[in-house]
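**Q** Pasting a structure here, questions to come.
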Amino acid sequence: MGGLLISSCPTPTPTVLTLPPSKHIHITDFPNELISFILCFADLQTLHHLSLVSHLFLQISRPLLFADLAFDEPEDICVITRLSNPRYGINDRRFDTFLDLLESPWNSIARCVRGIQFAHIFLEGRRHQYKNRRDVRGFAEKLCGIIYLKMSRMSWVMIPPHLKEFFLAVPAKQIHFESVGFEEAASFVELFKSPLMTTAFQHLSMYNIDVKHTSSLIDHIGSFKRGFHVHAIDLHSLINFHQVWDSPTTMAQISVRSLHLEFGPLFLPRIQKPHPVPRDELNDPAPRIELDSKLLRLILFIKSFLTHVGPRINALCIYLTTPEHRPQDSGTPMT
7 MGGLLISSCP
17 TPTPTVLTLP
27 PSKHIHITDF
37 PNELISFILC
47 FADLQTLHHL
57 SLVSHLFLQI
67 SRPLLFADLA
77 FDEPEDICVI
87 TRLSNPRYGI
97 NDRRFDTFLD
107 LLESPWNSIA
117 RCVRGIQFAH
127 IFLEGRRHQY
137 KNRRDVRGFA
147 EKLCGIIYLK
157 MSRMSWVMIP
167 PHLKEFFLAV
177 PAKQIHFESV
187 GFEEAASFVE
197 LFKSPLMTTA
207 FQHLSMYNID
217 VKHTSSLIDH
227 IGSFKRGFHV
237 HAIDLHSLIN
247 FHQVWDSPTT
257 MAQISVRSLH
267 LEFGPLFLPR
277 IQKPHPVPRD
287 ELNDPAPRIE
297 LDSKLLRLIL
307 FIKSFLTHVG
317 PRINALCIYL
327 TTPEHRPQDS
337 GTPMT
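To get the numbering used here, take the position in the sequence shown, counting from 1, and add 6.
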């Protein structure tokens with residue numbers, strides 16, 4: 007005989023927030039976790055104002071205010087008017103002020119930082135002169151909770167030497183380089199030997215990276231032979247490694263999550279274009295193309311890389327536009 011089965015488990019009683027008997031409810035009556043959740047929906051200006059209200063709001067709002075820092079030159083400052091615009095180089099001054107805070111032995115901001123982004127900074131002709139500082143490596147080590155570091159649209163040679171030391175010591179777990187130029191191969195080697203790459207080699211993203219004189223990288227091949235996990239890389243950046251990642255043994259240690267391909271004359275700017283070879287209409291009806299020897303080596307490297315690493319690629323992104331019109335990463339970088 008069929009019947010209705012009724013569970014004997016008791017219905018859970020909802021949690022009720024009990025407040026003290028009073029005509030007025032004070033903000034301190036709420037747990038900090040609840041206040042922190044509410045403040046997550048506030049904008050930065052509101053958080054800044056609240057941080058000045060009380061020590062409680064300062065303690066809760068500070069991790070939200072300084073979690074993600076962006077030092078990015080305003081996009082409305084075009085190249086032509088940069089030198090005459092009073093806002094030109096404003097982020098150089100802001101970053102130097104941030105270093106002042108890190109230099110303080112009583113700072114409580116460093117442990118709140120989860121990510122830093124730099125773009126259009128350290129520009130040629132900037133008006134700001136960075137302060138000479140000691141122990142910038144110690145400043146970087148204070149960022150013990152940092153997760154990601156993103157640097158884009160800059161030239162590595164324009165970064166002051168003592169600030170390079172700061173960046174190379176940042177203990178970020180994820181790094182993202184986009185449109186960064188390395189005029190000297192030695193700087194690229196220094197990057198891969200640094201503590202920064204030691205902590206972030208498992209989550210590396212590179213777009214449109216340009217390294218001059220890559221032939222000298224072969225002298226430091228040991229710095230590039232480790233189990234890199236590349237979160238994302240495009241073809242333009244990949245060819246910089248053609249002399250240090252060319253062996254099957256090295257490729258076997260590399261994994262790529264997403265590979266980005268762009269069609270057009272963008273990833274071989276320094277290679278001579280293929281030129282047609284005259285053909286004999288009677289003996290050779292098909293047109294032939296003679297490839298430059300360096301271009302041929304790059305093609306063979308890309309083919310070998312796709313053969314060994316391709317099966318482990320999770321996503322293949324193909325763009326039909328130039329890099330400057332390519333869709334940019336949205337939201338939090340490298341999640």
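We treat Cβ as the ideally placed atom computed from N, Cα and C, and that holds for glycine.
For Ala-321, count the other beta carbons within 10 Å of its own beta carbon; 16 or more makes it buried, fewer makes it exposed. Which is it?
**A** Ala-321 is exposed by the Cβ-count criterion.
**Q** Work out the CA separation of Leu-50 and Ala-192 for me, nearest whole Å.
**A** The alpha-carbon atoms of Ala-192 and Leu-50 are separated by roughly 40 angstroms.
**Q** Rounded C-beta distance between Ser-264 and Ala-238? I'm assuming under 8 angstroms.
**A** Right, the Cβ-Cβ distance comes to about 5 angstroms (below 8 angstroms), so this counts as a contact.
**Q** Check whether the Cβ atoms of Asp-102 and Tyr-136 lie closer than 8 angstroms to each other.
**A** Yes, Cβ-Cβ distance for Asp-102 and Tyr-136 is below 8 angstroms.
**Q** Is the CB-CB distance between Lys-179 and Thr-205 below 8 angstroms?
**A** Yes, the pair counts as a contact, with Cβ atoms nearer than the cut-off.
**Q** Should Ser-221 go down as buried or exposed, given a rule of 16 or more other Cβ atoms within 10 Å for buried?
**A** Exposed.
**Q** Measuring alpha carbon to alpha carbon, tell me which of Asn-138, His-242, Thr-34 and Phe-43 ends up nearest Val-59.
**A** Ranking Asn-138, His-242, Thr-34 and Phe-43 by Cα distance to Val-59 puts Thr-34 first.
**Q** What does the Cβ neighbour count give for Ser-158, buried or exposed, with the cut at 16 atoms within 10 Å?
**A** That one is buried.
**Q** Quick check: Asp-74 and Gly-121, are their CB atoms within less than 8 angstroms of each other?
**A** Yes.
**Q** Going by the DSSP bridge assignment, what does Leu-155 pair with across the sheet?
**A** DSSP, once it has assigned bridges, lists Ile-122 and Ile-181 as partnering Leu-155.
**Q** Where does Ser-211 land, buried or exposed, given buried means 16+ other C-beta within 10 angstroms?
**A** By the neighbour-count rule (16 or more Cβ atoms within 10 Å), Ser-211 is buried.
**Q** How should Glu-130 be labelled, buried or exposed, when 16 other C-beta atoms within 10 angstroms of its C-beta is the threshold for buried?
**A** Per the 10 Å Cβ criterion, exposed.
**Q** Using the rule of at least 16 other Cβ atoms within 10 Å of the residue's Cβ for burial, across every protein chain shown, is Met-164 buried or exposed?
**A** Exposed, because fewer than 16 other Cβ atoms sit within 10 Å of the Cβ of Met-164.
**Q** Specify the secondary structure class of Gly-228 as computed by DSSP and reduced to three states.
**A** The answer is helix: DSSP assigns Gly-228 an H, G or I state.
**Q** Which residue wins for smallest C-alpha separation from Leu-108, given the options His-54, Phe-124, Phe-172 and Ala-48?
**A** With distances taken between Cα atoms, Leu-108 lies closest to Phe-172.
**Q** Between Met-257 and Val-315, which are expected to be in contact by the criterion C-beta below 8 angstroms, what is the C-beta distance as a whole number of angstroms?
**A** The Cβ separation is near 6 angstroms, so the contact holds.
**Q** Could you check if Ser-110 is buried or exposed, using at least 16 other CB atoms within 10 Å of its CB as the buried criterion?
**A** Ser-110 is exposed by the Cβ-count criterion.
**Q** For the beta strand (DSSP E) holding His-235, just list the boundary residues, first then last.
**A** Residues 235-240.
**Q** Buried or exposed, going by whether 16 or more other CB atoms sit within 10 Å of the CB of Ile-324?
**A** It is exposed - the Cβ of Ile-324 has fewer than 16 other Cβ atoms within 10 Å.
**Q** Please return the same chain residues whose Cβ sits closer than 8 angstroms to the Cβ of Ser-310, not counting the five positions on each side in sequence.
**A** Answer for Ser-310: Asp-252, Pro-254 and Met-257, listed in chain order.
**Q** Asn-246 to Val-176, Cα distance in whole Å?
**A** Approximately 24 angstroms, taken between the alpha carbons.
**Q** Would you decide whether Leu-326 is buried or exposed? Buried here means 16 or more other CB atoms lie within 10 Å of its CB.
**A** It is exposed - the Cβ of Leu-326 has fewer than 16 other Cβ atoms within 10 Å.
**Q** Can you tell me where the beta strand (DSSP E) holding Leu-265 begins and where it ends?
**A** Note, Leu-265: beta strand (DSSP E), 261-268.
**Q** Give every residue of the same chain whose Cβ lies closer than 7 angstroms to the Cβ of Met-203, excluding the five residues on either side of it in the sequence, and list them in chain order.
**A** For Met-203, where only same-chain residues beyond five positions count, the Cβ hits under 7 angstroms are Leu-197.
**Q** What separation, rounded to the nearest whole angstrom, lies between the Cα atoms of Cys-6 and His-32?
**A** In the structure displayed, the chain extends from 7 to 341; residue 6 sits before or after that span and is not available.
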